[in-house]
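In the working numbering, the protein residues as written are 14 to 110. The next block holds one structure in the form of structure tokens; read it before the comments.
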Amino acid sequence: MARPSARVEVDEQALQRFLDTDAIKLATVVGEKVAARARTTAPVLSGAYRDGIDVQVARDASTGHKTVRVGSSVAYTMVIEARTGNLARALDAAREA
14 MARPSARVEV
24 DEQALQRFLD
34 TDAIKLATVV
44 GEKVAARART
54 TAPVLSGAYR
64 DGIDVQVARD
74 ASTGHKTVRV
84 GSSVAYTMVI
94 EARTGNLARA
104 LDAAREA
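In structure tokens, the structure reads:
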């Protein structure tokens with residue numbers, strides 16, 4: 014018995030426009046929620062880590078796709094994240110909301 018087949022054509026330009034607009038807008042909204050939660054739960058000594066938490070939208074150099082990043086601008090962000098998991102917990106909280 015012959016298998017049914019289908020041909021799918023993807024409008025790559027339309028898909029890219031969607032990914033660069035609607036999907037990024039949604040990801041940015043989620044990123045803002047993650048950042049707000051991370052600021053609320055951030056450990057504070059000087060306040061620099063907490064105050065440096067932000068959302069950035071950038072185009073990936075290797076793929077050309079836009080990405081949304083939540084992080085902190087201080088040099089020791091990775092140390093704080095390794096010790097506390099603050100950003101990871103904020104992301105988990107956003108997933109559950």
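Even glycine gets a Cβ: it sits at the ideal position worked out from N, Cα and C. Since this is a predicted model, take the numbers as computed values, not measurements.
Helix, strand or coil at residue i [DSSP, three-state]
i, result
"residue 96", "helix"
"residue 22", "coil"
"residue 53", "helix"
"residue 89", "coil"
Boundaries of the beta strand (DSSP E) in which residue i is found, first to last residue
i, result
"residue 71", "66-72"
"residue 82", "79-85"
Environment of residue i [buried if 16+ CB atoms lie within 10 Å]
i, result
"residue 23", "exposed"
"residue 163", "With the chain covering 14 to 110 only, the question about residue 163 has no answer from this structure."
"residue 47", "buried"
"residue 98", "exposed"
"residue 44", "buried"
Opening and closing residue of the alpha helix (DSSP H) in which residue i lies
i, result
"residue 30", "25-33"
Cβ shell of residue i (< 8 Å), same chain only, five flanking positions each side left out
i, result
"residue 62", "55, 56, 85, 87, 89, 90 and 93"
Neighbourhood of residue i by C-beta distance below 6 Å, restricted to the same chain and skipping five residues each side
i, result
"residue 50", "103 and 106"
"residue 33", "79"
Cβ shell of residue i (< 7 Å), same chain only, five flanking positions each side left out
i, result
"residue 37", "70, 79 and 81"
Segment contact, 8 Å Cβ cut-off, at least three pairs: the region 69-78 with the region 99-107: no
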